[in-house]
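For reference, the structure is listed below as structure tokens.
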Amino acid sequence: EDKVVQSPLSLVVHEGDTVTLNCSYEVTNFRSLLWYKQEKKAPTFLFMLTSSGIEKKSGRLSSILDKKELFSILNITATQTGDSAVYLCAVELQGAQKLVFGQGTRLTINP
Amino acid sequence: DTGVSQDPRHKITKRGQNVTFRCDPISEHNRLYWYRQTLGQGPEFLTYFQNEAQLEKSRLLSDRFSAERPKGSFSTLEIQRTEQGDSAMYLCASSALRTSVSYEQYFGPGTRLTVT
């Protein structure tokens, strides 16, 4: 069965800290790995990763994929209270391209 | 707003009633997906369409659930004889289709269903 596991499930830090969120996967037909941010409603797209070792960056957020060890990390530097959200990792499967999601990491940034 | 839209945003219904949700994808996207999300969990795949064809259904989708995309544009998801376990957020997503390139899925705001 295709599986995506995120850790930690919950994380509370102070504004300005740097955080690393983890995502490991076991799937039969990997196509890509995606990160989404979910506040109170729909997940919003952050990154899509298809190749190992190539870092994607957007402002204070960055992510990298390791296809040999089957994991990805999402880093957020200089965190702000607006970064508080659930961060979802999903693996896209070949063929249907449907997404298999992890359970999410709830990140809380305290001022 | 040219994003994915869903209607209604909230629905409260009594057990045993039928409900129908609508999703309007981004206009040039030919793939449309339905997911269900319960509290504290990530979204779970239900079904997807490529144009008007329904190409895959999850075994989570019991025979009380049916989805359509009659003209390859908007889609509806109907739940018959609702049960309390159907209470969840129902998310719709759409993406473009290219044979050799992945395109990210964009999600709508969801329909939150509460079955009392």
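The listed protein sequences correspond, in order, to chains A and B.
The numbering used here applies: residue 39 is where the first sequence begins, and numbers increase by one.
The numbering used here applies: residue 31 is where the second sequence begins, and numbers increase by one.
For each residue, glycine too, the CB sits at the ideal point set by N, CA and C.
Could you list which residues in chain A have their beta carbon closer than 9 Å to that of residue i, in chain order?
i	result
B/P139	K79 and A80
B/Q71	F139, Q141 and G142
Confirm, please, whether the CB-CB distance from residue j to residue i is below 8 Å.
i	j	result
A/Q76	A/L59	no
B/Q36	B/G138	yes
B/L76	B/D116	no
A/T117	A/E39	no
A/V124	A/V65	no
B/Q135	A/L131	no
B/D54	B/F95	no
B/R39	B/V145	no
B/E82	B/R61	no
A/F85	A/S101	yes
A/T146	A/P46	no
B/G72	A/Q135	no
B/Q67	B/A126	no
B/L85	B/F51	no
A/V57	A/I92	no
B/T43	B/T141	no
A/W24	A/L49	One cannot answer for residue 24 of chain A here, as it falls past the ends of chain A, which runs 39 to 149.
A/K105	A/S90	yes
B/L121	B/Y78	no
Residues of chain B with a CB under 7 Å from the CB of residue i: which are they?
i	result
A/F83	E134 and Y136
A/L126	G72
A/L72	E134
List the residues of chain B that residue i touches, going by C-beta distances under 8 Å, in chain order.
i	result
A/S136	Here the sequence assigns Lys to residue 136 of chain A, which means Ser is not the residue at that position. Here the neighbours are Y63, F75, Y78 and E86.
Along chain A, which residues have their Cβ under 8 Å away from the Cβ of residue i?
i	result
B/L121	A80 and P81
B/G102	The premise fails here: B/G102 is roughly 17 Å from chain A at the closest Cβ pair, so nothing lies under 8 Å.
Please report the Cβ distance between residue i and residue j, rounded to the nearest whole angstrom; I am assuming they are in contact, meaning their Cβ atoms lie under 8 Å.
i	j	result
B/V34	B/A97	That belief does not hold up - the Cβ atoms of B/V34 and B/A97 are roughly 15 Å apart, past 8 Å.
A/T88	A/S70	5 Å
B/E74	B/L90	6 Å
A/V42	A/C127	6 Å
A/T119	A/P149	6 Å
| task | Name, going along the chain, the residues of the stretch 34 to 46 of chain B whose beta-carbon falls closer than 7 Å to a beta-carbon of chain A. | result | none
| Members of the stretch 104 to 118 of chain A near chain B, C-beta cut-off 9 Å | none
| request: Within the stretch 59 to 95 of chain A, note down every full beta strand (DSSP E) run reaching 3 residues or more, in order along the chain. | output: 68 to 76 and 82 to 87
| request: With a floor of 3 residues, list each beta strand (DSSP E) that falls wholly inside the stretch 50 to 114 of chain B, ordered by position along the chain. | output: 61 to 67, 74 to 80, 83 to 87, 95 to 98 and 105 to 109
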